[in-house]
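A short write-up of the structure that comes next.
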Amino acid sequence: MNWKTTFRLLPILMLVAGACSKVRRPMQLPDPHTFTYEGNAIEGLETDTRTDPGTITANVKDTGYRGIWDHNQPLDNEYKYKYSGGLATYTAKHRPLAIYSPEAQKTFFTYGGAAPSNNERLWHMVSYFDHKTGTVPRPTILLDKLTGDAHDNPVISIDDDGYIWIFSTAHGSWRPAYIHKSKKPYSIDSFELIRPVKMENGQEVPMDNFSYFQPWHLKYRGFLAFFSSYSDAGGTIVGPHGNPAQRTLVFATSKNGSAWSEWQTIGAIGEGHYPISTQNGEKAGVAFNYHPRKKLPEQGLNYRTNLYYMETDDFGNSWKTVGGQPLETPLTDVNSPALVKAYEADSLLVYMKDMVYDAAGNPAILYLTSRGYESGPDNDPRTWRLAKWNGEKWLHSQITTSDHNYDMGSIYTEREDRWVVMAPTLKGAQAYNPGGEVGMYVSTDQGESWQLERALTSGSAYNHTYVRKPLNAHPDFYAFWADGHAREVSKSRLYYADKQGSVYGLPEYMEDDEAKPQKLLEDPLDQTPIANEN
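For the record, in the sequence shown the residue sitting at position 175 is 188 according to my numbering, with numbers rising by one throughout.
Structure, rendered in structure tokens:
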């Protein structure tokens, strides 16, 4: 049994262990000696982070930019998996992955990296793009996450004093999550491990497990976060965190990033939710689907439908619909006033992609609908949609179609007469697998109609996946993503695009401490990086 297979069995092992004890304990790493590790450990460390959870922090410079390759749920067809490929910027529910800092004139970003000799071994990485010099440094290896599961990818935040925070998420309740803070403002050279606590039944307890973490820092207020808390019991009974659903939508706040409020359950319809959130001034909103609670096989994570939205403008003290109607939390009714559009009756699945507030402060939600969860043409059409609030009602439009449920892109409301979606919707080398070639779609009427303006990539050997928008995106580093072969294990490279759509490859290998990313060749038949193909 290899290390990755062993990790797949951890949910069962942890469930058995939890049933034998009612004592609340901090999360602990499983005994590392029960695992067979493939690939190299992190060089340059006196203590191996694999065998000592107390020294999980690496703070070592890497030699270049490599992304994690991952897969999920094998299929008995030519497409091989439900989804797979280069997933360094996965998932849509990990937000934000990059932030532009005008004070530092840098875009700081984090991603799921890979060990040099094992494309399926997840390292958490931190770096930046320097807008003054047009260069990137060697990325910092923050930690070895001890898994190959890209659901454990990190997210990033920056506080009022310029300190960089990395939240290393978990997937479910069987692996720990971590929080790190940079030792100096606007620096990625060294991070310290934070030992966060949360309030639970009037007591401080370790906050060491959270999934799909989405932190937003409000000036002078601190952090607020939307995330998921899992039940190990399949949602049929209350889970270890007191969850009423298997994937409960949770909200929490913290003034300093170390001491967190009691977790507030805000969504528990059916089996739970996949959320995406964003923030605009004092307002924070979250859009989400829901998992129906039905008889098998119509229940579970592969069945997600409907579109909901709710918001708060008082740091989570109260919740309301987009129109201002008060909401009681947690939401438990399928027909809640938070419902934006019902798709369940039409047997359509809903996959969340991105959300933004326009110039008027109204939400615009980007999502995809599909007829089924499996890869392949049988579940076409996969339709990209926009739900936009105009101040009085929700307006709905279609943007384009693509060939996979896990194609993911980002929306930008640049000005009133120019909204943009960048997404890998164009046919790629591995059709009907995640990603493809990246296209830029433009709307001149605030999302009512859309046209493909240009293809950013073409002729690629691998599919491009998960095109992500930095928070406060700078024109020179406007989106970033990874690629990878979608049907077999491969290396995964990282890219970014500027506002005009020119694409640059981050260097796979660096001899010096800094390097200037190379622009992809302009020939549409050859979109490979000019250099760094070692």
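Note that CB positions come from ideal geometry on N, CA and C, so glycine has one too.
Asked                                                                                                    : Found
Continuous beta strand (DSSP E) assignments of at least 3 residues falling wholly in the segment 197-234 : 204-207, 210-213, 216-219, 224-231
Extent of the continuous beta strand (DSSP E) to which D162 belongs                                      : Looking at the DSSP string, D162 is not in any beta strand (DSSP E), and its letter there is neither H nor E.
Coarse secondary structure for E427, derived from DSSP in three states                                   : strand
Residues near A183 by beta carbon distance below 7 Å, same chain, minus five either side                 : D165, P189, A190, N222, F223, S224
Inter-residue Cα distance where the pair is K93 and Q338                                                 : 46 Å
DSSP-derived helix/strand/coil call for N166                                                             : coil
Beta-carbon proximity of P257 to A281, cut-off 8 Å                                                       : yes
Euclidean distance between Cα positions of E133 and G497                                                 : 12 Å
Where T68 sits in the DSSP three-state scheme                                                            : helix
Buried versus exposed call for T261 [16 or more other C-beta atoms within 10 Å across all chains shown]  : buried
Candidates M365, Y322, E341: closest to Y287 by CA position                                              : M365
Same chain only: Cβ atoms within 8 Å of E116, ignoring 5 sequence neighbours per side                    : G175, Y199
Residue-chain proximity (G235, chain D), Cβ-Cβ < 8 Å                                                     : No chain D is present in this structure, which holds just one protein chain.
S170 beta carbon less than 8 Å from that of T153                                                         : no
Whole-angstrom distance between I179 and K158, CA atom to CA atom                                        : 13 Å
Cβ separation of T478 and G448, assumed to be a contact under 8 Å, to the nearest whole Å                : 4 Å
Counterpart residues of T554 in DSSP-defined beta bridges                                                : Only positions 14 to 547 of the chain appear in the structure, and residue 554 is not among them; the question remains open.
E466: first and last residue of the uninterrupted beta strand (DSSP E) it sits in                        : 464-468
Residues near D489 by beta carbon distance below 6 Å, same chain, minus five either side                 : H144, D511
Burial state of R467 (16 or more Cβ within 10 Å)                                                         : exposed
Residues that DSSP places opposite N485 in a beta bridge                                                 : Answer is none; N485 lacks a bridge partner.
Contact under 8 Å by Cβ, A492 with Y509                                                                  : yes
Residues near A528 in its chain [Cβ-Cβ closer than 7 Å; skip 5 each side]                                : T148, V149, P520
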